[in-house]
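**Student:**
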Amino acid sequence: MAYAVLTVAIVFEVIGTSLLMLSQQFTRVWPTVGMAVAYLVSFYFLSQALKFLPLGIAYALWSGLGIILTLGVGIFVFRQIPDLPAVVGVALILAGVVVINGFSRTTGH
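Okay, so the sequence shown: first residue is 302 according to the numbering used here, each after it adds one.
(1) Report yes if the CB atom of F377 is closer than 8 angstroms to the CB atom of V342, and no otherwise.
(2) Between G365 and A387, what straight-line distance do the alpha-carbon atoms span, to the nearest angstrom?
(3) Determine the direct distance from the alpha carbon of A337 to that of M322, and round the result to whole angstroms.
(4) Using only CA atoms, which one of D384, V334, I369 and I311 lies nearest to L393?
(5) Are the beta-carbon atoms belonging to F353 and M302 less than 8 angstroms from one another?
(6) Alpha carbons only, please: which of G367, T318 and V315 is nearest the one belonging to V398?
(7) Let me know the secondary structure DSSP gives T308 once reduced to three states.
(8) In whole angstroms, what is the alpha-carbon distance linking L395 and V334?
(9) Do you know whose CA, among F379, L362 and I382, lies nearest G403's CA?
(10) Please name the residue in V400, A339, L372 and V374 whose C-alpha comes closest to that of A310.
(11) Just verifying my parser: in three-state terms, what is the DSSP assignment at T407?
Spelled out as structure tokens, the structure:
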């Protein structure tokens, strides 16, 4: 259950960040409103995940997977192609997420 709740938080964080891009520095009303709502929903579900997961683990997964998914949105929606150092950095973040989920005893498996 914790991971389902955390997944919802991650999805809304990615939506909020994508709408942040579309808000054009808060000059467009509806993307700005959507961004605020998406972030509120994201933080609500992140807070619910904290009932089951330690803070550091939940935040590491929320931010790490959010970064990876946001990179995908940047590539496929906004046509922002990362260079090699960016790809390597994101790969290291992904490796950290895999290590936490695969080997950490603090994740509540």
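Every residue gets a Cβ at the ideal spot worked out from N, C-alpha and C, and that includes glycine.
**Tutor:** Based on what the coordinates show:
(1) No, these two residues do not count as a Cβ contact at 8 angstroms.
(2) For G365 and A387, the distance between alpha carbons rounds to 14 angstroms.
(3) C-alpha separation (whole angstroms): 12 angstroms.
(4) Taking only the C-alpha atoms, the option nearest L393 is I369.
(5) Less than 8 angstroms divides the Cβ of F353 from the Cβ of M302.
(6) For V398, the nearest C-alpha among the options comes from G367.
(7) Residue state, collapsed to three classes: helix.
(8) When only Cα atoms are considered, L395 and V334 end up about 30 angstroms apart.
(9) Of F379, L362 and I382, the residue nearest in Cα terms is L362.
(10) Of the candidates V400, A339, L372 and V374, the one whose C-alpha sits nearest the C-alpha of A310 is A339.
(11) Looking at T407 - three-state DSSP - the assignment turns out to be coil, as it is neither helix nor strand.
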